[in-house]
Amino acid sequence: MSTINKHGSRARQLRDEAFEFLSKKKVLAALTILPPMLLFTFVNLVPIVGVIGASFFSINAFSNEWQWIGVANFETLLSTDSFYDALSRSVVYAGGSVVIQVVFGTALALLLNRSFKFVNIARTFAILPYLIPNAVIGFMALWMLNSQWGIVNQLAVQIGLTEGYVSFFGNQGSAMLAAILTSSWKDSIFVTVMVLARLQAIPESFYEAAKMSGATAYQRFRDITLPNLKGVFFIVLLLRAVWMFNTFDYIWVLTQGGPRGATTTAPIYAYNVAFGTSRLGIAAAVSTVLFLVLLVAAVLYFRIFEPSAEVRAE
80 MSTINKHGSR ARQLRDEAFE FLSKKKVLAA LTILPPMLLF TFVNLVPIVG
130 VIGASFFSIN AFSNEWQWIG VANFETLLST DSFYDALSRS VVYAGGSVVI
180 QVVFGTALAL LLNRSFKFVN IARTFAILPY LIPNAVIGFM ALWMLNSQWG
230 IVNQLAVQIG LTEGYVSFFG NQGSAMLAAI LTSSWKDSIF VTVMVLARLQ
280 AIPESFYEAA KMSGATAYQR FRDITLPNLK GVFFIVLLLR AVWMFNTFDY
330 IWVLTQGGPR GATTTAPIYA YNVAFGTSRL GIAAAVSTVL FLVLLVAAVL
380 YFRIFEPSAE VRAE
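Right, here's the structure in full:
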C-alpha cells in the first residue's frame, strides 16, 4: 500500500513539475511559435534555398548528376529575349488583374456594406466563388467562352455585339485580356472580404456627424471611407500583385501560354524550360530571378509608400 502511495505521489509531483514548466511564458511562447515556424521552414524556406542552390548547377532531368557551373545559368537566361518577354507579360497580367480586382472588389464591398433585406445571404453568395478551385474556374471559362457553342459568344451574337463567334483564348489580341478577366472574377472576392471587414470597423457616428454637417455622399466617401481604406489598399495591392505575378494555374488551364506565346508569363516560361527542354538548372535560375525581382519590388514598395504609417490600431 505504501508503495502505491509513493508511486502516486511521485506521479503527482512529476505532473506538477511538468505543468509548472509548461506554464512559463518562454516555454509557452516557444510551443506556440515553434510548430508554425517549422512548417514555414520546411514548406517555404527549404524549397527556396534548394532552388537558389540548384540555379548554380547544370541539371538534366534525365541524369542524377549535378555539374557546378556558377553563374552560367543566369548569364544564359539574362541574354535570352524570350525571358524578358515573359517577364513583361507577367507585369501586364499582374497589373491588369490587380486594377480590376481592386476596383470591382471595392465596389462590391461598398454594396455589401449597405443595410438591406437578406444582406447576410447576399454576402454569403458573394463570397462563394472564392471557394471554387482555380482550375475549375479555368474550365468554366473555357466552356463559357468557347468559340463555337459558348454561352458568351451565343449572347454576343444574338444581341449584336459581334458579327460572328470570337475565339477569346485563341486570338493573340484577346487571350491576355480574357485570362485577366477570368482570374479577376474570382480573386476580386479577396479584395471584397478585406475591404468589407475594414468598412465594418468604421464607426457609424462618423457618418452621422458628417450628415448633420451637410456632407454629400461623395464627400462622406472622400473624407471618411477612403482614408480608412488606405491601409487595406496598401496590403491588398502588395498581396494581389505578388500572387498574380506568380500565377500559373489559371493561364495553364486556359491557354498553356498560347496562342503563339501571347500569354506565356514568367511562371509558364519556367515550366516550359524545366519540363519542355529538361534544363532544370535554367528553370531554377528563372525562379531565383523572379524571387529577387519580387523581393526588390516589395522592399521598394514599403520604402516608397510606407504602408505601416497608414495602418493604425483602433
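My numbering applies: residue 80 is where the sequence shown begins, and numbers increase by one.
For each residue, glycine too, the CB sits at the ideal point set by N, CA and C.
Looking only at DSSP bridge pairs, what is residue i linked to?
i    : result
S137 : Q146
R358 : N139
Output the distance between the C-alpha atoms of residue i and residue j, rounded to the nearest integer angstrom.
i    : j    : result
A289 : P306 : 14 Å
F162 : Q335 : 16 Å
A205 : Y244 : 30 Å
E287 : A296 : 12 Å
I200 : V311 : 24 Å
A392 : Q279 : In this prediction, A392 scores a pLDDT of 44, lower than 50, which makes its location untrustworthy; the coordinate-derived value is nonetheless stated afterwards. Their Cα atoms are separated by approximately 15 Å.
A254 : R168 : 12 Å
T367 : V130 : 7 Å
L374 : T271 : 26 Å
I330 : R301 : 37 Å
L316 : R91  : 55 Å
V274 : S284 : 19 Å
Q237 : P208 : 28 Å
A188 : T203 : 12 Å
L369 : L333 : 22 Å
L180 : K104 : It should be noted that the sequence gives Gln, not Leu, for residue 180. For Q180 and K104, the distance between alpha carbons rounds to 43 Å.
E144 : F327 : 29 Å
V178 : W228 : 30 Å
R382 : L371 : 16 Å
V128 : L256 : 35 Å
V352 : N192 : 46 Å
G252 : D160 : 21 Å
Q121 : S292 : Here the sequence assigns Phe to residue 121, which means Gln is not the residue at that position. Distance between the alpha carbons of F121 and S292: 56 Å.
R299 : E154 : 55 Å
A235 : Y380 : 41 Å
F354 : T111 : 40 Å
Q29  : V170 : For residue 29 there is no data in the structure shown, the boundaries of the chain being 80 and 393.
N123 : V106 : 25 Å
A186 : I211 : 21 Å
So residue i and residue j are in contact, right, with Cβ under 8 Å, and what is the actual spacing, rounded?
i    : j    : result
V365 : L156 : 6 Å
N152 : G340 : In fact, because the Cβ distance is near 22 Å, the residues do not count as touching under 8 Å.
N231 : L221 : The residue asked about is misnamed: residue 231 is Val in this sequence, not Asn. That belief does not hold up - the Cβ atoms of V231 and L221 are roughly 11 Å apart, past 8 Å.
S357 : A109 : With 8 Å as the limit, S357 and A109 do not qualify as a contact, their Cβ atoms being about 44 Å apart.
A165 : A363 : Their Cβ separation, rounded to whole angstroms, is 16 Å, which puts A165 and A363 out of contact at 8 Å.
G249 : P338 : 6 Å
I303 : I281 : 7 Å
S137 : I148 : 5 Å
Buried or exposed: residue i, going by 16 or more other Cβ atoms within 10 Å of its Cβ?
i    : result
R319 : buried
F119 : exposed
M323 : buried
P394 : Since the first and last residues shown for the chain are 80 and 393, residue 394 lies out of range.
G239 : exposed
F135 : buried
S176 : buried
T342 : buried
L308 : buried
A173 : buried
F259 : Note that residue 259 is Ile in the sequence shown here, rather than Phe. It counts as buried.
R277 : buried
A377 : exposed
T241 : exposed
G184 : buried
T344 : buried
T261 : buried
Report whether the distance from the Cβ of residue i to the nearest heavy atom of the ligand ZN is below 6 Å.
i    : result
P115 : Among the ligands in the structure shown, none appear at all, so the ligand ZN cannot be discussed.
Subject >> Meets three-Cβ-pair contact criterion under 8 Å: the stretch 192-203 and the stretch 231-247 >> reply: no
Original post:
Counting pairs of beta carbons, one from the stretch 338-358 and one from the stretch 103-123, are three or more of them closer than 8 Å?
Top reply: no
Original post:
With a cut-off of 8 Å, do at least 3 Cβ pairs link the stretch 216-223 to the stretch 259-266?
Top reply: yes
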